[in-house]
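Notes follow once the structure below has been shown.
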Amino acid sequence: MNLQIGKRLIGLQMRSLNRIFSEFSGLYAITPTYLRGEPLIDAVKESVSSGIKIIQYRFDQRLEEEEKLKTATKLLEVCDTGEAIFIINNDYNLANELGAGLHIGQDIRNTAFIKDLDQIRLIGLSCKDDHLQQSRKDHALFSYFSFGPVFESKTKKSLKGTIDINLISKKMNAGKINVAIGGIDSNNISEIKKNGFDMAAICEGIYNDPKKISKNIKKLNDIWNEN
Numbered sequence: 445m446n447l448q449i450g451k452r453l454i455g456l457q458m459r460s461l462n463r464i465f466s467e468f469s470g471l472y473a474i475t476p477t478y479l480r481g482e483p484l485i486d487a488v489k490e491s492v493s494s495g496i497k498i499i500q501y502r503f504d505q506r507l508e509e510e511e512k513l514k515t516a517t518k519l520l521e522v523c524d525t526g527e528a529i530f531i532i533n534n535d536y537n538l539a540n541e542l543g544a545g546l547h548i549g550q551d552i553r554n555t556a557f558i559k560d561l562d563q564i565r566l567i568g569l570s571c572k573d574d575h576l577q578q579s580r581k582d583h584a585l586f587s588y589f590s591f592g593p594v595f596e597s598k599t600k601k602s603l604k605g606t607i608d609i610n611l612i613s614k615k616m617n618a619g620k621i622n623v624a625i626g627g628i629d630s631n632n633i634s635e636i637k638k639n640g641f642d643m644a645a646i647c648e649g650i651y652n653d654p655k656k657i658s659k660n661i662k663k664l665n666d667i668w669n670e671n
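Straight run, no breaks: the sequence shown in my numbering ends on number 671.
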């Protein structure tokens, strides 16, 4: 990527991260791994134009580095144009290079590498049902904690069982953004809001039909704002 373009994108994204995330609640969109290339770019464009302000790029781990970088760069530009936050799932080198946000999955427990990522200013952590499993000294590194699956996940079938929403609502971390994830759609998103979560991370509930992305987002937003 051209160095000047890279610096511009990093500057734009940093301003977006600092300005938007601390104030945000509602929908957090996660791209499905089966979407690639232009269909993925188009889906994210429609999401942002429909009001989504946080996009997490989740990709097939077998994806070649060149394609991943090319796609992530385009998605970052889409998000910057729409003043949305762009977060990359589980690839700290790519997030650091682009100045994007970083999401760390449940399978990564050694977070010492974070201190070396000088471009990253927003980092989220999946912690199933207990954010305290990370040592307290690491807590300042994270902008948000993601709890789940709150419902049966259609995208991560390897995750067995669901967490107790009522129990988690009593454990949530004051002063941090608390995100619910897993199987959330228009049939159950109201439970997420009622139990005090700041955001609902959604994949299939938004992207299950490429022709209904805007419709799905509107319905989810309407329900969230009613509660």
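Built from N, CA and C at the ideal position, the CB exists for glycine as well.
Neighbour-count burial assignment, residue i, 16 or more Cβ in a 10 Å radius
i, result
"residue 500", "buried"
"residue 520", "buried"
"residue 525", "exposed"
"residue 651", "buried"
"residue 568", "buried"
"residue 661", "buried"
"residue 618", "exposed"
"residue 536", "buried"
"residue 640", "exposed"
"residue 506", "exposed"
"residue 478", "exposed"
"residue 649", "buried"
Given residue i as reference, the closest of the options once Cα atoms are compared
i, options, result
"residue 517", "526, 541, 671 and 609", "541"
"residue 638", "647, 509 and 609", "609"
"residue 488", "663, 671, 656 and 630", "656"
"residue 592", "584, 511, 537 and 611", "611"
"residue 476", "491, 623 and 666", "491"
"residue 635", "647, 663, 614 and 594", "594"
"residue 571", "590, 584, 495 and 624", "590"
"residue 614", "587, 504, 573 and 584", "573"
"residue 663", "565, 473 and 630", "630"
"residue 493", "480, 482, 522 and 508", "522"
Own chain residues within Cβ distance below 6 Å of residue i, not counting five before or after
i, result
"residue 653", "none"
"residue 485", "518"
"residue 642", "469, 621 and 622"
"residue 534", "549"
"residue 564", "539, 540 and 546"
"residue 586", "567 and 569"
Residues of its chain near residue i, where Cβ-Cβ distance is below 8 Å and the 5 sequence neighbours each way are ignored
i, result
"residue 659", "none"
"residue 514", "none"
"residue 512", "503, 535 and 538"
"residue 483", "654"
Identity of the residues DSSP links to residue i by a beta bridge
i, result
"residue 569", "548 and 589"
"residue 526", "In DSSP, residue 526 forms no bridge with anything."
"residue 470", "643"
"residue 500", "474 and 531"
"residue 607", "Note: residue 607 sits in no beta bridge, so no partner."
"residue 624", "591 and 644"
Expected contact under 8 Å - CB spacing of residue i and residue j to nearest Å
i, j, result
"residue 498", "residue 529", "5 Å"
"residue 607", "residue 633", "Incorrect: roughly 16 Å between the Cβ atoms, too far for contact."
"residue 644", "residue 471", "6 Å"
"residue 531", "residue 646", "Incorrect: roughly 14 Å between the Cβ atoms, too far for contact."
Own chain residues within Cβ distance below 7 Å of residue i, not counting five before or after
i, result
"residue 495", "661 and 665"
"residue 671", "634, 637 and 638"
"residue 616", "622 and 640"
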